[in-house]
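Read the structure below first, then the notes.
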Amino acid sequence: MGTGECYQKALLFNGKNFADPYIDIYLKLPKVASSSQESSSRIPHACELTEREAYSSSQMFKGGTSMFKFGYFLSSALTVLVIEVSLIIVGCWIIYKWKRRPEITDEGYTIISSHYKELQKATKCFQEELGSGGSGTVYKGVLDDERIVAVKKLNDVVHGDQEFRSELSVIGRIYHMNLVRIWGFCSERSHRLLISEFVKNGSLDRALFDNQNVSPVLQWSQRYSIALGVAKGLAYLHHECLEWIIHCDVKPENILLDENFEPKIADFGLVKLLGRGVGAQMLSRVHGTRGYGVVLLELVKGMRVSTGVLEDEKEVEMAVRCSAETLKKKLASEDQSWLMEFVDCRLGGE
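Number 114 in the working numbering belongs to position 124 of the sequence shown; there are no gaps in the numbering.
Following this line, the structure appears as structure tokens:
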């Protein structure tokens, strides 16, 4: 049994507070007390608090309200902090993605810059080689947007980054159905690479000089279409571009064939990029025309005019002149039997 004294409780350090002070309270009484009246008469109490103080003292809820406000402000601050950090991360990612692909844009044409690691990934560390030459080695690759491309590692580029980009701003504006489209580049430290469209059937030399009979023999209609397409591409470079571009290296290795065996000229514009410029005197003679003449003879004969790919230019020119003189003499004669010996024998006399 208690003493009957009544006193105000101190603040709760834990537990549950209710906003409504008018709640039911259950008291534990001794068994001897048969009723509340009997208990109150037998056990006097000494409670000096008034009813207002007992029911609505501000001390009952002061601590709970402060803790609630602190928790509310803390959770709000954390929420705002998380949102701000998320926005900063997203913004930095967008800026990074935007900066990592600077574009050279002019008159509706764009050429995209890529990082060297991106091209390593696209080519599987330059695994599949498509071909190689004096200007560099070409590898097959697949970009993130699933485009199949040809990635060329350029050799001995003498220009710095700004000059390299300046030259590409010219090349990137060139678009013709008989020219390989340049899509992008990489200019990072000592690396200089070009990203161009992938042309399915490879270079003309493989289709024309295949000694293992892997490729089908090009028919006369296809050879005529190739000769005409190459002529159109060269005419565009020489006369229709905003800037005069001389190829200087027209040969079967630089003529690619698409799925319909339509020709596309590759490696145009590399003379300036590789620092292999020619003088104004040579440029005035339309330097790429002689190489086109060699290609025409090789299309007709089905074999190389010269015995090797990398022979000296003077030797190639001498061989072309010799073939041209022989052709002139035979055309002047009445005997036409020489035609079967001059044209590609794989065509069976067609």
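From the three backbone atoms N, C-alpha and C, an ideal C-beta is built for every residue, glycine too.
task = Leaving aside the five residues before and after Val160 along the sequence, list all residues of the same chain whose C-beta is less than 6 Å from its C-beta, in chain order.
result = Glu233
Contact under 8 Å by Cβ, Leu198 with Leu289 = In contact: Leu198 and Leu289 (Cβ atoms closer than 8 Å).
ask   = If you measure from the CB of Asp248, is any heavy atom of the ligand SAM nearer than 7 Å?
value = With respect to the ligand SAM, the structure offers nothing, as it holds no ligand at all.
message = If I measure Cβ to Cβ from Gly131 and keep anything under 7 Å in the same chain, skipping five residues before and after, which residues do I get?
response = Leu109, Ala112, Thr113, Val139 and Val141
task = Express the C-alpha separation of Tyr226 and Tyr282 in angstroms, rounding to a whole number.
result = Going by the C-alpha atoms only, they are around 14 Å apart.
task = Say whether the stretch 234 to 246 touches the stretch 185 to 194, bearing in mind that this needs 3 or more beta-carbon pairs closer than 8 Å, one atom from each stretch.
result = Using a Cβ-Cβ distance cut-off of 8 Å, the stretch 234 to 246 and the stretch 185 to 194 are in contact, since at least three pairs of beta carbons, one from each stretch, lie closer than that value.
ask   = Are the Cβ atoms of Ser344 and Arg155 separated by less than 8 Å?
value = The requested residue 344 does not occur in the structure, where the chain is confined to residues -9 to 340.
message = Tell me the DSSP secondary structure of Ala44 in three-state form.
response = Note that Ala44 has pLDDT 45, beneath the 50 cutoff, so the model's placement of it is unreliable and the number below is only indicative. Per DSSP, reduced to three states, the secondary structure at Ala44 is helical.
query = Under a three-way DSSP split, which group does Lys107 fall into?
reply = helix
task = Identify every residue that forms a DSSP beta bridge with Glu243.
result = Paired residues: none, contrary to the question.
request  = Return the Cβ separation of Ile216 and Leu194 in integer angstroms, given the expectation that the two are a contact with Cβ distance under 8 Å.
outcome  = Right, the Cβ-Cβ distance comes to about 7 Å (below 8 Å), so this counts as a contact.
key: Straight-line gap, Val285 to Asp146 (C-alpha atoms, nearest Å)   = 27 Å
query = At which residues does the beta strand (DSSP E) containing Phe251 begin and terminate?
reply = From DSSP, Phe251 is part of no beta strand (DSSP E); its letter is neither H nor E.
key: Three-state secondary structure (DSSP) of His181   = strand
Any C-beta of chain C under 8 Å from that of Asn250 = Absence of chain C from the displayed structure is noted, only one protein chain being present.
Test item: CB-CB of Ile101 and Leu158 under 8 Å = Result yes, Cβ atoms of Ile101 and Leu158 sit closer than 8 Å.
request  = Taking Val132 as part of the beta strand (DSSP E), name the residues at either end of that continuous run.
outcome  = Gly126 to Val132
message = What does the alpha-carbon distance come out to for the pair Ile235 and Leu260?
response = 10 Å
task = On the DSSP bridge assignment, give the partners of Val139 in chain order.
result = Gly131 and Glu187
ask   = To which residues of the same chain is Ser327 closer than 7 Å at the C-beta, ignoring the five residues directly before and after it?
value = none
key: Run of the alpha helix (DSSP H) containing Gly192, from where it starts to where it stops   = Neither: Gly192 is in no alpha helix (DSSP H) and is coded neither H nor E.
task = Within 10 angstroms of the Cβ of Thr103, are there 16 or more other Cβ atoms? Answer buried if so, exposed if not.
result = One detail in the question is off: residue 103 reads as Ser in this sequence, not Thr. Ser103 comes out buried.
inquiry  = Using only CA atoms, which one of Leu64, Leu169, Val80 and Thr69 lies nearest to Pro253?
reply    = Leu169
message = Considering only their Cβ atoms, is the gap separating Arg336 from Val207 smaller than 8 Å?
response = Taking 8 Å as the Cβ cut-off, Val207 and Arg336 qualify as a contacting pair.
request  = Using the Cα positions of Lys59 and Ile84, report the straight-line distance between them to the nearest angstrom.
outcome  = Near 38 Å, if we compare the C-alpha coordinates of Ile84 and Lys59.
DSSP three-state assignment for Ile78, whether helix, strand or coil = helix
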